[in-house]
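There are 2 protein chains.
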Amino acid sequence: MRIRPGGQVTLADVARESGVSPATASRALHGGGGRVVGQDLRERIVEVARRLHYVPNAHAQALAGGSTATVGLVVHDITDPYFAAIARGVIAVAAERGALVTVGTTFRSMERELEFVRTFRAQRADAIVLAGSGFEDADYRAAMREELDHQRRTGGGCAVVSEHDLPVPTVLPGNREGAAGLGRALVAMGHRRFAVAGGPPCLTTVRHRIEGFLDALAACGVPLCDVELLDHPFSEDGGRAAARELLDRGSRATALFCVSDVMALGALDVLAAAGVAVPDDLSVVGYNDVPMMRRLVPAVSTVRLDLEAMGRSAMELAVDHGSADAPVVRFPAEVVLRASTAPPAAVPAREGGR
Amino acid sequence: MRIRPGGQVTLADVARESGVSPATASRALHGGGGRVVGQDLRERIVEVARRLHYVPNAHAQALAGGSTATVGLVVHDITDPYFAAIARGVIAVAAERGALVTVGTTFRSMERELEFVRTFRAQRADAIVLAGSGFEDADYRAAMREELDHQRRTGGGCAVVSEHDLPVPTVLPGNREGAAGLGRALVAMGHRRFAVAGGPPCLTTVRHRIEGFLDALAACGVPLCDVELLDHPFSEDGGRAAARELLDRGSRATALFCVSDVMALGALDVLAAAGVAVPDDLSVVGYNDVPMMRRLVPAVSTVRLDLEAMGRSAMELAVDHGSADAPVVRFPAEVVLRASTAPPAAVPAREGGR
DNA sequence: CTGTTAGCGCATTCAA
DNA sequence: TTGAATGCGCTAACAG
Numbered sequence: 001m002r003i004r005p006g007g008q009v010t011l012a013d014v015a016r017e018s019g020v021s022p023a024t025a026s027r028a029l030h031g032g033g034g035r036v037v038g039q040d041l042r043e044r045i046v047e048v049a050r051r052l053h054y055v056p057n058a059h060a061q062a063l064a065g066g067s068t069a070t071v072g073l074v075v076h077d078i079t080d081p082y083f084a085a086i087a088r089g090v091i092a093v094a095a096e097r098g099a100l101v102t103v104g105t106t107f108r109s110m111e112r113e114l115e116f117v118r119t120f121r122a123q124r125a126d127a128i129v130l131a132g133s134g135f136e137d138a139d140y141r142a143a144m145r146e147e148l149d150h151q152r153r154t155g156g157g158c159a160v161v162s163e164h165d166l167p168v169p170t171v172l173p174g175n176r177e178g179a180a181g182l183g184r185a186l187v188a189m190g191h192r193r194f195a196v197a198g199g200p201p202c203l204t205t206v207r208h209r210i211e212g213f214l215d216a217l218a219a220c221g222v223p224l225c226d227v228e229l230l231d232h233p234f235s236e237d238g239g240r241a242a243a244r245e246l247l248d249r250g251s252r253a254t255a256l257f258c259v260s261d262v263m264a265l266g267a268l269d270v271l272a273a274a275g276v277a278v279p280d281d282l283s284v285v286g287y288n289d290v291p292m293m294r295r296l297v298p299a300v301s302t303v304r305l306d307l308e309a310m311g312r313s314a315m316e317l318a319v320d321h322g323s324a325d326a327p328v329v330r331f332p333a334e335v336v337l338r339a340s341t342a343p344p345a346a347v348p349a350r351e352g353g354r
Numbered sequence: 355m356r357i358r359p360g361g362q363v364t365l366a367d368v369a370r371e372s373g374v375s376p377a378t379a380s381r382a383l384h385g386g387g388g389r390v391v392g393q394d395l396r397e398r399i400v401e402v403a404r405r406l407h408y409v410p411n412a413h414a415q416a417l418a419g420g421s422t423a424t425v426g427l428v429v430h431d432i433t434d435p436y437f438a439a440i441a442r443g444v445i446a447v448a449a450e451r452g453a454l455v456t457v458g459t460t461f462r463s464m465e466r467e468l469e470f471v472r473t474f475r476a477q478r479a480d481a482i483v484l485a486g487s488g489f490e491d492a493d494y495r496a497a498m499r500e501e502l503d504h505q506r507r508t509g510g511g512c513a514v515v516s517e518h519d520l521p522v523p524t525v526l527p528g529n530r531e532g533a534a535g536l537g538r539a540l541v542a543m544g545h546r547r548f549a550v551a552g553g554p555p556c557l558t559t560v561r562h563r564i565e566g567f568l569d570a571l572a573a574c575g576v577p578l579c580d581v582e583l584l585d586h587p588f589s590e591d592g593g594r595a596a597a598r599e600l601l602d603r604g605s606r607a608t609a610l611f612c613v614s615d616v617m618a619l620g621a622l623d624v625l626a627a628a629g630v631a632v633p634d635d636l637s638v639v640g641y642n643d644v645p646m647m648r649r650l651v652p653a654v655s656t657v658r659l660d661l662e663a664m665g666r667s668a669m670e671l672a673v674d675h676g677s678a679d680a681p682v683v684r685f686p687a688e689v690v691l692r693a694s695t696a697p698p699a700a701v702p703a704r705e706g707g708r
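For the protein sequence lines, the chains are B and H, in the order given.
Here the first sequence stands for residues 1 to 354, where the numbers follow our numbering.
Here the second sequence stands for residues 355 to 708, where the numbers follow our numbering.
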């Protein structure tokens with residue numbers, strides 16, 4: 001970025017122009033230190049500041065010991081409605097507390113994620129919130145742990161959303177349980193052959209959802225060897241790729257579990273283009289219940305998470321907890337069955353199934 | 355926010371521990387000033403810094419004359435896909451240039467918008483981008499003009515998306531033309547009686563779209579007194595309210611123009627619940643072509659704007675232009691007719707209409 | 001190549 | 001109530 005030339009109006013300018021000392025100007029403008037400035041004097045100073053368009057230098061203020069009133073939020077992709085909803089919650093609480101939110105977008109890169117945390121630490125953010133899924137990587141985890149550790153040790157707050165396996169305040173969405181509930185619901189409907197469109201297993205969220213789903217199937221007596229695992233990016237395009245793979249390999253699955261709504265969106269696109277009828281030929285489910293899912297035709301079955309509340313909770317945990325404790329707040333997941341799921345054609349809705 | 359207790363590891367600590375001067379440590383760690391530090395010495399210092407978990411204080415760096423590599427982005431609502439798309443463009447370009455983006459969410463309050471700009475100025479942001487519509491308010495405009503003026507005068511960049519009538523770099527989406535094209539298309543289809551679900555006319559974007567639409571209708575000979583103006587908030591809920599008003603007053607309109615897709619979404623919800631068939635009973639159109647519109651059933655006719663490109667362009671304008679010039683980059687709007695629009699039932703698709 | 005000196009703009013001790 | 005002095009952590013001159 002460009003170097004900024006001088007030309008700023010400083011507190012000293014305001015003080016000189018008002019005929020007072022910088023200290024007095026500072027007190028008049030920001031009322032610090034419990035000290036009070038004479039009514040008329042203050043008014044005069046404020047007036048001069050306005051006339052000069054004085055804007056305090058936030059860096060100087062921070063450096064001189066004041067608070068930065070800044071919160072760093074790390075997300076994978078701000079255009080993903082999942083993160084948008086969480087961000088909304090975080091921003092709302094931050095606003096209530098007079099803090100500004102800085103959003104860092106990592107596009108799912110571990111290096112970038114660490115880099116953002118370091119940058120936020122450099123900015124001395126009052127709190128750092130990690131909204132994205134953690135990675136299944138020992139080095140990453142150790143590095144992140146150290147960063148957050150120091151963040152807290154130096155008086156800053158932090159919180160993570162999703163399982164990161166880090167000793168910091170954590171907001172835990174029901175991933176295993178929700179996916180398990182979905183699995184049971186599908187089995188109860190009569191499905192026996194499944195495909196799972198999963199993101200990369202290095203994402204903890206992905207792994208948990210898949211495990212929860214498979215565990216439930218196994219518990220219901222479904223042979224897991226019949227489950228096709230489609231491993232693709234955790235994105236709309238990834239969903240598209242998964243659906244294409246499904247089609248290409250001539251899958252016999254009657255139900256497709258996409259580990260996120262966004263992936264389901266992509267998959268549905270490809271399926272529609274290929275003439276696959278949902279749910280008649282194939283039932284499709286997603287995860288998160290972002291607002292769009294209920295409006296599609298057919299409306300998409302999914303698992304509801306109160307994303308905005310999770311964001312709010314994360315922000316609150318981040319600012320309200322010292323380095324001592326690391327509370328965990330769990331958010332329940334609720335299976336929402338809609339029109340994109342139906343008993344498989346081969347197994348009419350006969351009672352009892354099997 | 356909480357005050358941050360001390361405990362930070364400083365450059366001085368690293369220097370002392372390494373047995374060198376702070377200046378040397380600074381150079382070794384950040385390689386500034388063209389000066390070079392001896393290979394082995396540097397390595398030792400870097401090692402010490404790592405061991406101590408040294409994180410430079412960004413405020414001190416900024417204060418001492420370095421760049422802040424920070425960009426402030428002001429939006430009305432980050433969960434609105436319109437802004438999410440623009441933000442994505444802004445973030446992408448900022449990332450290319452090594453800058454971090456700070457997002458401020460105003461929820462359409464003029465005061466908050468000004469407050470964010472002041473805050474970004476206080477943070478000495480390298481650039482400030484206003485992504486939301488401007489307001490039709492002389493005081494607001496004058497205040498914003500002064501703020502941005504000073505931002506630029508002090509070496510910072512800035513840019514606005516949408517008509518703000520400010521002498522700064524501007525990205526202009528086709529609002530009047532797009533809305534006019536929509537109006538003509540609807541008239542060509544045979545529609546004569548219209549309703550317009552508009553946001554508050556104090557938003558410049560809203561006013562331009564409505565004016566463009568009405569002008570086109572007038573040019574086509576449609577009596578404007580037959581156009582019902584529904585004035586509601588510029589949001590999904592506003593769209594809902596507009597549709598309810600339409601229903602309540604027993605409107606005879608055959609086509610509903612919603613000034614944004616998000617409003618159209620809300621309106622469609624209410625219409626569906628009320629049993630109004632789209633497009634058979636009522637044609638509905640939106641604006642912006644956010645990704646969801648093409649997936650709804652019926653797919654929604656709208657006006658396409660390349661939002662992400664607009665965001666990219668704004669960011670580029672902001673950093674590449676000094677206070678001298680204020681270029682205007684126009685982005686074309688393209689009418690996209692889909693299934694939510696059809697000739698009105700009363701006027702079968704007879705050639706020529708009228 | 002490295003150390004020394006001097007501020008960046010502000011809030012906050014202290015003294016008056 | 002106000003003013004003077006100090007230092008936050010760092011970088012950018014200058015010397016050496």
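Don't be surprised by glycine CBs; every beta carbon is placed ideally from N, CA and C.
Minimum Cβ-Cβ distance from residue i to chain B less than 7 Å
i                : result
alanine 382/H    : no
histidine 675/H  : no
glutamine 362/H  : yes
threonine 456/H  : yes
isoleucine 399/H : no
leucine 417/H    : yes
threonine 656/H  : no
heavy atom of the ligand MN below 6 Å from residue i C-beta
i             : result
alanine 142/B : Absence of the ligand MN is noted for the structure shown, with no ligands found whatsoever.
Interface partners of residue i on chain B, CB under 7 Å
i               : result
histidine 518/H : Correct list: empty, because the minimum Cβ distance to chain B is about 19 Å.
leucine 482/H   : Reading off the sequence shown, one finds isoleucine at residue 482/H, where the question assumed leucine. Ordered by position in chain B, no residue passes the 7 Å Cβ test against isoleucine 482/H, which lies about 12 Å from the chain.
alanine 438/H   : Ile78, Thr79, Ala84
Listed by chain order, chain B residues near residue i by CB distance under 8 Å
i             : result
proline 410/H : Ala122
Cross-chain neighbours of residue i in chain H, by beta carbon under 9 Å
i             : result
arginine 88/B : Asp431, Ile432, Thr433, Thr459
Residue i classed as buried or exposed, judged by whether at least 16 other C-beta atoms fall within 10 angstroms
i                   : result
arginine 240/B      : buried
aspartate 602/H     : exposed
glycine 132/B       : buried
methionine 1/B      : Its pLDDT being 43, under 50, methionine 1/B is placed unreliably in this model, and the coordinates cannot settle the point.
proline 169/B       : buried
phenylalanine 461/H : exposed
proline 681/H       : exposed
glycine 443/H       : buried
cysteine 258/B      : buried
cysteine 579/H      : exposed
glycine 620/H       : buried
alanine 366/H       : exposed
Proximity test, Cβ basis, 7 Å: residue i and chain H
i                : result
leucine 296/B    : yes
methionine 292/B : yes
histidine 208/B  : no
threonine 204/B  : no
histidine 150/B  : yes
threonine 341/B  : no
threonine 254/B  : no
Residue from the options with nearest C-alpha to residue i
i               : options                                : result
threonine 119/B : Glu147/B, Ser323/B, Val206/B, Tyr140/B : Glu147/B
valine 368/H    : Pro410/H, Ala621/H, Asp660/H           : Pro410/H
glutamate 465/H : Leu520/H, Ile445/H, Arg606/H, Asp493/H : Asp493/H
arginine 207/B  : Glu236/B, Ala218/B, Ser260/B           : Ser260/B
threonine 508/H : Gln61/B, Tyr54/B, Leu307/B, Ala309/B   : Tyr54/B
proline 587/H   : Cys556/H, Pro577/H, Gly392/H           : Cys556/H
Strand pairing of residue i, partner residues [DSSP]
i                   : result
isoleucine 482/H    : Gly426/H, Cys512/H
threonine 712/H     : Chain H is shown from 355 up to 708; residue 712/H falls before or after that span and cannot be answered.
proline 527/H       : Phe685/H
phenylalanine 194/B : Ala255/B
aspartate 231/B     : Gly198/B
Residues that residue i contacts on chain B, provided the C-beta gap is smaller than 9 Å
i              : result
arginine 472/H : Val55
alanine 618/H  : What alanine 618/H touches in chain B: nothing, since even the nearest Cβ is about 12 Å away.
Contact set between residue i and chain H, taken where Cβ atoms lie within less than 8 Å
i            : result
alanine 60/B : His413, Leu417
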